[in-house]
Amino acid sequence: MSRAINFQTVSWFWDLYTRGLLDLEPPYQRRSVWNQEYKDFFIDTVLNGYPAPAIFLYQEITSEGRSKYSVVDGKQRLSTLFEFAENKFPVSEQATLTRLTGKSFKDLENEVKQNFWKYQFAVEYVPSDDERIINDIFNRINRNVIKLTRQELRHAKFNGGFITTVEDLTDWIAAILPPSFPLIPAKDKKQMKDVEFVTLLLLFLEEGVKSYRQDDLDKAFNDRDLAWEEQDEIASEFKQVIELIKDLLDVSPKDINLCKTKLKNQADFYSFFGAIAELKREKSLNITADVCQRIYELMELVKSPELAIKTQEAQAYYEAITTSLGSSGIEKTKTRINILKLLISGNTNL
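The opening residue of the sequence shown carries number 0 in numbering that gives the first Met the number 0; numbering runs sequentially from there.
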């Protein structure tokens, strides 16, 4: 199949659109609709001059010699550009170009408008409007497109003190603690899930146990991008807590390896981290081999419900680990932290 590729500006697409020569709704067009967050992020991409995926078009030449185009792939990008140019929504308050935030297109400086119109897309021309061929093209495109995780998008969007600290501490913790403690698979690390997890640990130190959806994490990064007042204090405390965890691992009896227990799981490590942090703040933390022994015995008991019923603490912890770290289970996370605190301080029946 022959391919034709060139580059076209937003102005070129706008001219076609306003003259009725660009069909955004051909029968084979997918029905996906972007929410405002996606629109805002894409406008921010264009205003920054960052690259965007190619637009796929089908070109039809009429008997009168006029070229008409149908959008095969790229409807949401083009629709977003047109809506923005028609002043249907302003530049987002979360935009990286802060001098433009809240402004509609008509209020932008002439230079910004000109750069917007000059923004170029790679354009590929599909040689057929046969729906079967187009669906095959769609499938092949989607198989070769790697969807970025929200944390990868944050990495691309933010460059302030918060994300710099989070990413630096992610590298630091990997060098301080044993491999796979906490356990984050290699494929997840490639998607920056380790950075996201360290973010949750830092936010715990700053805000305590809270529920964070992806939108909440976006807001946390945005709120701390230009200025993070707690940066030095929280980063320092984070290192102290991790070093205390390392000290605890170092004094473990030779026959005990806490890194191989449930503590390696992210939800349990989060609870362990929280318990150590709170005991440190309360100045009631002792690093001893006996503490390691008690933690290890609890982790052995919570391997199964049959073992967990042997102690009240183990049973409560086992019930609390059925809810993972994330958008729910705040009370169960607090339960895990409190049980570990009692255990570490020796105030349990275990």
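Built from N, CA and C at the ideal position, the CB exists for glycine as well.
Applying the 10 Å Cβ sphere with the 16-neighbour rule, what's the burial state of glycine 48?
In this structure glycine 48 is exposed. Its beta-carbon is surrounded by fewer than 16 other beta-carbon atoms within 10 angstroms.
Among Ile320, Gly328, Ile329, Ala313, which has the Cα closest to the Cα of leucine 341?
Selected option, being the one with the closest Cα: Ala313.
May I have the straight-line CA-CA distance separating aspartate 267 from arginine 139, to the nearest angstrom?
Spanning the two alpha carbons is a distance of roughly 40 angstroms.
Would you tell me roughly how many angstroms separate the C-alpha atoms of lysine 209 and alanine 234, rounded to the nearest one?
So the alpha carbons of these two residues sit roughly 19 angstroms apart.
According to DSSP, what are the bridge partners of threonine 100?
Threonine 100 is not bridged to any residue.
Are there three or more Cβ pairs, one per stretch, closer than 8 angstroms when the stretch 100–107 is compared with the stretch 67–75?
Taking 8 angstroms as the limit for Cβ pairs, the verdict is that the stretch 67–75 does not touch the stretch 100–107.
Phenylalanine 220 versus isoleucine 162 - alpha carbon distance
Phenylalanine 220 and isoleucine 162 have their C-alpha atoms spaced approximately 7 angstroms apart.
Evaluate aspartate 254 with the Cβ neighbour count: other Cβ atoms within 10 Å of its Cβ, from every protein chain shown; 16 or more gives buried, anything less gives exposed.
Looking at its Cβ environment, which holds fewer than 16 other Cβ atoms inside 10 Å, aspartate 254 is exposed.
Using three-state DSSP, classify serine 69 as helix, strand or coil.
Assigned with DSSP and collapsed to three states, serine 69 falls in strand.
Among Lys38, Ile136, Val194, whose alpha-carbon lies nearest the alpha-carbon of aspartate 72?
Of the candidates Lys38, Ile136, Val194, the one whose C-alpha sits nearest the C-alpha of aspartate 72 is Ile136.
Would a C-beta distance cut-off of 8 angstroms place phenylalanine 55 and valine 125 closer than the cut-off?
Contact: yes.
Of all the alpha helix (DSSP H) runs that stay within the bounds of the stretch 109–174, which reach a length of 4 or more residues?
Counting only runs of 4 or more residues that sit fully inside the stretch 109–174, the alpha helix (DSSP H) segments are 109–117, 130–143, 149–156, in chain order.
Own chain residues within Cβ distance below 8 angstroms of threonine 17, not counting five before or after
The answer is none, since no qualifying residue turns up.
Distance, Cα to Cα, arginine 153 vs lysine 74?
In a straight line, the C-alpha of arginine 153 is about 24 angstroms away from that of lysine 74.
In terms of alpha-carbon separation, which member of Leu202, Gln213, Trp227, Gln265 lies closest to aspartate 193?
For the residues Leu202, Gln213, Trp227, Gln265, the minimum Cα distance to aspartate 193 belongs to Gln265.
Does aspartate 193 come out as helix, strand or coil in the three-state DSSP assignment?
When secondary structure is reduced to three states using DSSP, aspartate 193 falls in the helix class.
Going by the CB atoms, is the gap between isoleucine 183 and phenylalanine 196 shorter than 8 angstroms?
Yes, these two residues count as a Cβ contact at 8 angstroms.
Is it right to say glycine 328 is buried, meaning 16 or more other beta carbons lie within 10 angstroms of its own, or is it exposed?
Sixteen is the threshold: when 16 or more other Cβ atoms of the shown chains lie within 10 Å of the Cβ of glycine 328, as they do, the residue is buried.
Mapping DSSP to helix, strand and coil, what is tyrosine 57?
DSSP places tyrosine 57 within a strand segment (E or B) once states are collapsed to three.
Compute the Euclidean distance between the alpha carbons of lysine 331 and tyrosine 211, then round it to the nearest angstrom.
Straight-line Cα distance between these residues: approximately 15 angstroms.
Could you have a look at glutamine 93 and say whether DSSP puts it in helix, strand or coil?
Correct three-state label for glutamine 93: coil.
I need the DSSP call for phenylalanine 6, collapsed to helix, strand or coil.
If DSSP states are grouped into helix, strand and coil, phenylalanine 6 belongs with the strands.
Starting from lysine 302, follow the alpha helix (DSSP H) in both directions and report where the run begins and ends.
Taken as a continuous stretch (DSSP letters only), lysine 302 belongs to no alpha helix (DSSP H), as it is neither H nor E.
To which residues of the same chain is phenylalanine 157 closer than 6 angstroms at the C-beta, ignoring the five residues directly before and after it?
Sequence-distant partners of phenylalanine 157 (beyond 5 residues in either direction) whose C-beta falls short of 6 angstroms from its own C-beta, in its chain, are Phe220, Asp224.
Considering only DSSP beta bridges, list what leucine 21 is partnered with.
In DSSP, leucine 21 forms a bridge with Tyr68.
Enclosing alpha helix (DSSP H) for asparagine 337 [first to last residue]
Its alpha helix (DSSP H) spans residues 329–344.
How far does the alpha helix (DSSP H) with leucine 77 in it extend, from its first residue to its last?
Where leucine 77 is concerned, the enclosing alpha helix (DSSP H) stretches over 74–84.
Proximity to proline 181 [Cα-Cα], best of Glu206, Asp246, Lys263
Looking from the CA of proline 181, the closest CA among Glu206, Asp246, Lys263 belongs to Lys263.
Pull up the distance between the alpha-carbon of asparagine 346 and that of lysine 186, whole angstroms please.
So the alpha carbons of these two residues sit roughly 40 angstroms apart.
Neighbourhood of isoleucine 336 by C-beta distance below 8 angstroms, restricted to the same chain and skipping five residues each side:
Same-chain partners within the cutoff: Val208, Ser270, Gly273, Ala274, Glu277.
Between the Cα of serine 78 and those of Glu59, Gln58, Phe12, Arg131, spot the shortest distance and give me the residue it belongs to.
Nearest C-alpha to serine 78: Phe12.
Can you grab the Cα-Cα spacing for the pair valine 290 / glutamate 228, in whole Å?
For valine 290 and glutamate 228, the distance between alpha carbons rounds to 35 angstroms.
Between alanine 84 and phenylalanine 6, which are expected to be in contact by the criterion C-beta below 8 angstroms, what is the C-beta distance as a whole number of angstroms?
No, alanine 84 and phenylalanine 6 are not in contact; Cβ-Cβ is about 19 angstroms, not under 8 angstroms.
Hey, quick one: how far does the alpha helix (DSSP H) through threonine 310 stretch, first residue to last?
Looking at the DSSP string, threonine 310 is not in any alpha helix (DSSP H), and its letter there is neither H nor E.
Below 8 angstroms on the Cβ atoms is my guess for leucine 339 versus isoleucine 286; work out the distance and round it to an integer in Å.
Going by Cβ atoms, the distance from leucine 339 to isoleucine 286 rounds to 14 angstroms, so no, they are not a contact pair.
Using 8 angstroms as the threshold, is the C-beta distance between tyrosine 295 and leucine 248 below it?
Tyrosine 295 places its beta carbon 8 angstroms or farther from that of leucine 248.
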